[in-house]
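Okay, structure first, notes after.
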Amino acid sequence: MRLLIFSLLCTLIFIHAKGSFSLFFEPLSMNAREAILNYHNKLRQDLAHGKVHGQPKAVNMQKLKWSKSLAAKAFAWASKCHYDHSDLKSYCGTAGFYNVGENIAYASLSNENIEDESEVIRLMKETAQDWWNEYTDFHYESRGCSSVCSHYTQMASATVDKVGCAFTVCQPLSGVNWSGRAYFMVCNYGNGDNWGDRPPYITGPKINCPPTHPIVENGLCSGKRKLPKHLCKDVKSPKDCQFWKSI
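Counted the way mature numbering (1 follows the signal peptide of the UniProt record, and there is no 0) counts, the sequence shown spans residues -17 to -1, 1 to 230.
Here's what the structure looks like:
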């Protein structure tokens, strides 16, 4: 199935059953959360081990953990069944981050039923892989893209250490040229430093984990993240929030 990808991830599932649509307002199961989290980390490990063709290996790639707060934001947006990016400026302060990155994607489901957890997991992995495959259009040295590659650079951002995702099935999904059933997947990433001409990660001959994540786990940097002294809590608080809301 050809996925139509554009770019953001918590947990809403619409299940097709006996000709009707049932809406479940509940988090993804533990299995589904772990599956998409582990898939993200596997792709990041490949980059850390120099296994992504045409891309230099990453030496400061942080291991991702699941964020309930980021997932909740993704859930709230995905449940609207409107294909577009959310207003990320309103996310400032979520989970202590001064900004949040977002990947979103959709695909038609004209001949498919989402009947069990394994099907949801399969589609989420396929979508994440499509985002990641944009690496073929990313040029590390120039930071340029020969086509859309912002989904890849968001997933490959070394400073990201939290992710939260959502998956919905909508009929219709507004904002797209399709009136039938479609799934809508959203993933949020913190911090969302995927902008400007900065590289998504640093490269070099050996691992170079930051002090906040000093433990090396199969090429990824882990450890307890030390929050800054001044957390970004709302628009009236630290200047980082004001800066993010102004760009």
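Don't be surprised by glycine CBs; every beta carbon is placed ideally from N, CA and C.
Hey, would you say residue i sits closer than 9 Å to residue j, going by beta carbons?
i           : j    : result
Y74         : N171 : yes
L26         : Q137 : no
V131        : E117 : yes
residue 250 : W115 : Outside the shown range of the chain, which is -17 to 230, sits residue 250, and nothing can be said about it.
V42         : T186 : yes
W161        : S91  : yes
V143        : A61  : no
A15         : E100 : yes
P39         : Y123 : yes
Q28         : N201 : yes
T119        : G37  : yes
L106        : Y166 : yes
C103        : L11  : Note that residue 103 is Val in the sequence shown, not Cys. Cβ distance < 9 Å, so V103 and L11 count as in contact.
Could you name the residues that DSSP lists as bridge partners for residue i?
i    : result
T151 : F167
E102 : Answer by DSSP bridge pairing: none, since E102 is not bridged.
V146 : W49 and Y172
A90  : Y166
G84  : Y172
G127 : H122
S157 : H65
Am I right that residue i and residue j are in contact with their C-beta atoms under 8 Å? What's the rounded C-beta distance?
i    : j    : result
S140 : P183 : 5 Å
H65  : G158 : 5 Å
S93  : R164 : 7 Å
Check whether the Cβ of residue i sits closer than 8 Å to any heavy atom of the ligand ADP, and report yes or no.
i    : result
V152 : This structure simply doesn't include the ligand ADP, nor any ligand for that matter.
message: Using a Cβ distance threshold of 8 Å, determine whether the region 38 to 48 contacts the region 83 to 97, with at least three qualifying pairs required.
response: Proximity of the region 38 to 48 to the region 83 to 97 falls short of the contact definition, fewer than three beta-carbon pairs being nearer than 8 Å.
- request: Say whether the region 52 to 63 touches the region 141 to 152, bearing in mind that this needs 3 or more beta-carbon pairs closer than 8 Å, one atom from each stretch.
  value: yes
task: Tell me, please, whether the region 10 to 22 touches the region 192 to 202 by the rule of three or more beta-carbon pairs shorter than 8 Å.
output: The region 10 to 22 is not in contact with the region 192 to 202.
query: Fully enclosed by the region 160 to 206, which beta strand (DSSP E) runs are 3 residues long or longer?
result: Counting whole runs of 3 or more residues, the region 160 to 206 contains the beta strand (DSSP E) stretches 165 to 173, 198 to 200 and 203 to 205.
- request: For the region 27 to 77, list the alpha helix (DSSP H) runs that are entirely contained and at least 4 residues long, ordered along the chain.
  value: Complete alpha helix (DSSP H) runs here, min 4: 51 to 61.
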